[in-house]
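Sequence positions in the sequence shown follow the numbering used here and run 2 to 313. Here the structure is laid out as structure tokens; the discussion comes afterwards.
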Amino acid sequence: MSIVLTGELAAAAYESWRQHLAPHIPAGESLELSGQCRDKNAVEIALAANPPWGELASYPNLRFVQSLWAGVDRLLGDPTLPKNVTVARLVDPAMAQSMVEGAIAATLFVHRQLPAYLRQQHHRTWRQLPQPVASHRNVSILGFGQMGQPVARALAALGFRVRAWGQHPRSDTTIVYSSGEPGLQHALAEAQILINLLPLTPATIGILNAQLFAQLPKGAALINLGRGAHLQDDDLLDALSSERLSHAVLDVFHKEPLPGSHPFWIHPQITVLPHVAATTDPATAAPLAMQNVAAFRAGRPLTGLVSRSLGY
Ligand code: NDP
2 MSIVLTGELA AAAYESWRQH LAPHIPAGES LELSGQCRDK NAVEIALAAN PPWGELASYP
62 NLRFVQSLWA GVDRLLGDPT LPKNVTVARL VDPAMAQSMV EGAIAATLFV HRQLPAYLRQ
122 QHHRTWRQLP QPVASHRNVS ILGFGQMGQP VARALAALGF RVRAWGQHPR SDTTIVYSSG
182 EPGLQHALAE AQILINLLPL TPATIGILNA QLFAQLPKGA ALINLGRGAH LQDDDLLDAL
242 SSERLSHAVL DVFHKEPLPG SHPFWIHPQI TVLPHVAATT DPATAAPLAM QNVAAFRAGR
302 PLTGLVSRSL GY
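Structure (structure tokens):
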């Protein structure tokens, strides 16, 4: 049997994945690259980095797809993805650590009012603004999974008043936590900084919209690290111009790269980042992906098993 590496990757990225995966391919098996696969019937495992829709359906004996990305929205959106195939997403502690750094950087950026100071510098203005301390700042995190939990803990350790929101009730955390539709209001009510770390699913698409912004305290800041399609772009522009929101740090966009004509590029209250909050590093991800492949074959529990019905 063989394992296929498939996805929309630049040649250098393909080569890097191939090199880091090769030492973990079981003896007697081969790692095929999707474009060069000689026998599609022999493929039972796919290592997938956002392959084009239809690609996975072309392997008739495919049983398991290990995503090489943490988010599986595009993978699951493929209408031809066979229903009987098991899907796991990448769970990489190195990526979560990177996300912690990215979320802290963005939170401190708005907490310490750097957007305002950058504007002041532009006008050569020397003015000290009132500076609340972290213990007076409410930060809420939408999504309390592999990314949301370490981010919540790190922000709490810095002294921020942290709340988190997820889908299911839980009692295993010291972070103030709420869940489900009623819990959202609780998470939003006092959030001066709102961080989105939800997966993109039919239930969360467009969740960052005018109705949600209206539940935040006036002047709150938004940090979107989830997916671009969580955000209603026009609603954000309206919320910024009406001062409902003060600033947005955006790492993800509907279309990436963000088109040059998009108003976000030149908006003074929007910070644009090129999807860098937590990038996948093949050096750490490849062994983890292959550990999951081995677990699948041995019938052991999988890390990051995706619920096809929940979409994450
Ligand atoms: P997880 O699956 O581990 O966590 C998802 C969290 O979202 C869980 O807490 C889950 O709740 C919650 N959730 C899902 N659906 C809902 C809903 N309808 N209502 C309320 N809560 C919901 O995912 P990760 O933490 O690993 O990743 C989250 C997302 O971060 C990824 O899907 C990806 O889009 C994005 N990401 C962005 C990166 C970047 O560089 N910008 C890098 C990596 C990831 P529960 O726990 O109750 O199930």
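We treat Cβ as the ideally placed atom computed from N, Cα and C, and that holds for glycine.
Item, Value
"Distance CB(leucine 317)-CB(alanine 290) smaller than 7 Å", "Summary: the structure shown does not reach residue 317, with the chain confined to residues 2 through 313, and so no result is reported for it."
"Of the residues Ile196, Ala278, Arg162 and Phe145, the one placed nearest serine 179, counting alpha carbons only", "Phe145"
"For tryptophan 70 and alanine 50, the rounded distance between their alpha carbons", "6 Å"
"Option nearest arginine 309 by Cα separation, candidates Val86, Pro52 and Cys38", "Val86"
"For tyrosine 178, the three-state DSSP class (helix, strand or coil)", "strand"
"Secondary structure of tryptophan 18, DSSP reduced to three states", "helix"
"Opening and closing residue of the alpha helix (DSSP H) in which leucine 319 lies", "Lying outside 2 to 313, the shown extent of the chain, residue 319 is not represented and no answer is given."
"The stretch 33-48 touching the stretch 2-18, judged by at least three CB pairs closer than 8 Å", "yes"
"The ligand NDP heavy atom lying under 6 Å from the CB of leucine 199", "yes"
"Beta carbon of valine 250 nearer than 7 Å to that of arginine 228", "no"
"Proximity to arginine 39 [Cα-Cα], best of Ala279, Ser59, Thr272 and Phe65", "Ser59"
"Which of helix, strand or coil DSSP assigns to asparagine 293", "helix"
"Nearest to alanine 157 (by Cα), restricted to the options Leu311, Ser136, Leu241 and Leu259", "Ser136"
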